[in-house]
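First to last, the protein sequences are chains A and B.
The first sequence begins at 276 in our numbering and counts up one residue at a time.
The second sequence begins at 276 in our numbering and counts up one residue at a time.
There are 2 protein chains.
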Amino acid sequence: MEIGIIGAGSVGLLFASYLNNSFPIRIYTRTFEQAEEINKKGILLQKELKEKRVNVTAFPISKWTGKEDLTIIAVKQYQLPSILDLLHKFDSFPQNLLFLQNGMGHLKYLESIPVPNIFVGSVEHGASKINSYTVRHNGEGSINVALFKGDSFRLKEFSEAGASVNFQINMQEDYYEMLINKLIANAVINPLTAILQVENGELISNPHYFAAVKKLFLEISYVLNLQNPIRKFRDMIRICKKTAANRSSMLKDIEAGSKTEIDAILGFLLDEAAIQKKNASNIKTYYLLIKGKEHRRRVN
Amino acid sequence: MEIGIIGAGSVGLLFASYLNNSFPIRIYTRTFEQAEEINKKGILLQKELKEKRVNVTAFPISKWTGKEDLTIIAVKQYQLPSILDLLHKFDSFPQNLLFLQNGMGHLKYLESIPVPNIFVGSVEHGASKINSYTVRHNGEGSINVALFKGDSFRLKEFSEAGASVNFQINMQEDYYEMLINKLIANAVINPLTAILQVENGELISNPHYFAAVKKLFLEISYVLNLQNPIRKFRDMIRICKKTAANRSSMLKDIEAGSKTEIDAILGFLLDEAAIQKKNASNIKTYYLLIKGKEHRRRVN
């Protein structure tokens with residue numbers, strides 16, 4: 276099974292370097308220069324004090340024709356529309372696509388894609404892109420994947436291969452349940468840590484911040500109509516404790532002056548609230564504060 | 276008319292140095308050391324590139340007996356209970372007290388004080404305490420005073436003296452109206468600038484932050500049952516623009532690791548909301564985030 280990976284950010288590079296032993300991999304990059312560098316230098320995978328070179332074939336995204344057996348879409352949610360536009364230029368549509376975006380904002384695009392088998396996944400590994408061909412694997416996490424529509428044959432083949440290369444990929448029954456768990460953690464931890472500029476653990480150790488966490492969680496629970504809010508709250512706290520010393524991706528994005536995934540996360544919840552005509556006042560406030568932080572990075 | 280000033284922070288020092296030409300002044304300090312320094316070195320008043328020495332008599336607060344004709348209470352709202360406790364040890368009660376606290380949290384104490392004439396004031400001058408005997412007058416503003424209860428004879432005498440020393444003191448008809456205007460500006464500008472760590476003007480120039488300003492203002496307007504919210508909103512924006520390059524007092528307090536006046540400001544609004552059984556979800560969120568910032572300064 277040949278695998279295509281769209282996007283050579285931290286997640287794309289991490290997947291390419293781990294799965295290269297199991298499958299022929301073609302990675303597609305946004306710029307011509309990045310593809311050239313990866314072809315020349317390989318991908319450098321760093322973990323703890325070790326560094327390993329992995330030879331992967333790279334192409335600029337303009338060369339993507341959708342012929343691989345399974346294609347992993349590893350771009351940010353806000354880059355998705357420009358990638359999906361490319362599909363319409365292909366002679367034939369890809370057969371199997373796996374989407375790894377954070378949040379749930381991308382689901383609205385997936386129903387209308389003319390691809391028979393669509394999968395979604397969530398990645399909990401800690402990974403940082405050091406430069407255009409180097410990725411650092413900071414923390415072991417898990418990868419969860421689930422069927423969104425069609426047939427899961429290729430997804431099973433994919434997930435079974437992970438175990439043999441020490442890159443666990445878990446098949447989940449219910450894609451909605453899987454994504455919602457990740458969304459809740461992202462929706463609480465990311466905006467609060469980015470606004471307060473603190474590590475994840477401080478949201479629990481500081482009693483006032485913890486009160487704000489509970490307040491935001493309750494509003495999210497209301498918008499998502501959670502069936503078992505107490506369990507979901509405990510799951511979220513568990514993630515926050517496990518990643519206590521981490522700086523969240525949104526905090527890092529704000530510090531780096533990059534665009535954040537706020538639209539895919541709180542933006543999705545605001546859309547949900549609007550559809551249900553529900554009050555989501557705190558979600559909206561946090562959304563505005565993050566948008567404001569994004570804005571000032573662009574104008575300064 | 277002899278004037279006592281309780282508290283030798285930026286406001287106490289500023290009032291003492293300006294009013295010293297018009298009245299005999301006695302300033303009361305929290306520590307014995309500060310009184311000693313002021314007695315030895317005078318108060319240094321800095322403005323632009325000039326510095327002026329003003330000789331003022333200072334005493335530690337334990338020496339206060341309430342004998343002055345008018346006493347200005349220039350401590351923070353959270354220090355007020357310990358000052359009011361002192362009244363009960365006096366042989367006779369003071370006749371005239373002027374309270375200069377921010378917010379409206381202090382009003383609840385004033386009804387029950389056994390003092391015949393009580394005044395309240397709001398100070399819009401920018402002033403910074405440089406050290407225990409030096410105050411820097413950063414920006415001209417206005418001082419507004421009004422009768423809270425009793426007779427305003429001494430307050431009139433006081434406000435008339437201000438003009439002759441270039442220290443305008445305006446008598447206002449309605450103390451509630453006067454304080455509410457200041458409260459609204461404080462309740463919006465202070466928490467937002469302290470959380471976002473920006474100068475006042477950015478709350479207007481950044482369109483997302485401005486949306487958050489409007490959202491918080493509307494909730495405050497609802498809690499305070501404002502009769503003319505559009506005018507009050509414009510007043511608040513005017514203050515924000517006039518002080519665009521300033522860092523708010525709450526931002527400075529957070530940066531200095533000091534206690535803020537959040538309880539006198541958003542705490543007062545939360546109490547009002549609770550009495551009226553109104554939802555004040557955003558006010559509560561901002562309150563928690565500031566309390567959390569105060570907390571981490573203490574534990575770190």
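Quick reminder that beta carbons are idealized off the backbone N, C-alpha and C, glycines included.
Item	Value
With C-beta atoms as the reference, is A:E312 less than 8 Å away from A:S407?	yes
By the criterion of Cβ-Cβ separation under 7 Å, what are the contact partners of B:G532 in chain A?	What B:G532 touches in chain A: nothing, since even the nearest Cβ is about 15 Å away.
Anyone know if the C-beta pair for B:K553 and B:V498 falls short of 8 Å?	yes
Is A:Q447 helix, strand or coil by DSSP?	strand
Going straight from the alpha carbon of B:M525 to that of B:M276, what length do you get?	35 Å
Just the C-alpha distance for B:R301 and B:G401, rounded to the nearest angstrom, thanks.	23 Å
Report the neighbours of B:A487 on chain A: residues whose CB is nearer than 8 Å to its CB, in chain order.	T560, L563, L564 and G567
Looking at chain B, is there any beta carbon in it that lies within less than 8 Å of the beta carbon of A:P369?	no
Would A:K559 and A:I529 be called neighbours here (beta carbons separated by less than 8 Å)?	no
In terms of residues, what are the limits of the alpha helix (DSSP H) holding A:R513?	P504 to K517
Near B:N461, what residues of its chain come up, given a Cβ to Cβ distance below 7 Å and the 5 sequence neighbours on each side ignored?	N377, G378 and I540
Apart from the five residues on each side of it in sequence, which residues of its chain come closer than 7 Å, Cβ to Cβ, to B:T306?	P335
Got a sec, what are the start and stop residues for the beta strand (DSSP E) B:N314 sits in?	Run containing B:N314: none in the beta strand (DSSP E); it sits in the alpha helix (DSSP H), F307 to K316.
Assuming contact is defined by CB atoms lying nearer than 8 Å, are B:H570 and A:N481 in contact in what I supplied?	yes
Since A:K559 sits in a beta bridge, which residues does DSSP pair it with?	Answer is none; A:K559 lacks a bridge partner.
Taking just the CA atoms, how far does B:Y353 sit from B:I537?	10 Å
Give every residue of the same chain whose Cβ lies closer than 7 Å to the Cβ of A:L422, excluding the five residues on either side of it in the sequence, and list them in chain order.	F394, L430 and Y450
Exposed or buried, what is B:S387 when buried is set at 16 or more other beta-carbons lying within 10 Å of its beta-carbon?	exposed
Which value, in whole angstroms, describes the spacing of the CA atoms of A:F442 and A:Y293?	7 Å
How is B:I388 classed by DSSP in three states: helix, strand or coil?	coil
What does the alpha-carbon distance come out to for the pair B:S427 and A:F508?	57 Å
Within 8 Å of any Cβ in chain B, is that where the Cβ of A:P482 sits?	yes
Kindly indicate if chain E contains any beta-carbon less than 8 Å away from that of B:S523.	In the structure shown, chain E does not exist; the protein chains are A and B.
Using three-state DSSP, classify A:K424 as helix, strand or coil.	strand
Say whether chain B places a C-beta atom closer than 8 Å to the C-beta of A:R301.	no
Taking the alpha carbon of A:G542 as the reference point, which residue from A:Q309, A:P369, A:L382 and A:V473 has its own alpha carbon closest?	A:L382
For the segment 278-357 of chain A, which segments carrying the alpha helix (DSSP H) assignment without a break, of at least 4 residues, lie completely within its bounds, in sequence order?	285-294 and 307-316
Assign B:G416 to one of three DSSP states: helix, strand, or coil.	coil
To which residues of the same chain is A:S439 closer than 7 Å at the C-beta, ignoring the five residues directly before and after it?	S297
Is A:P356 buried or exposed, if buried means 16 or more other CB atoms sit within 10 Å of its CB?	exposed
Should B:P389 go down as buried or exposed, given a rule of 16 or more other Cβ atoms within 10 Å for buried?	exposed
Would you mind working out which of B:L288, B:T340 and B:T346 sits nearest B:L320, comparing C-alpha positions?	B:L288
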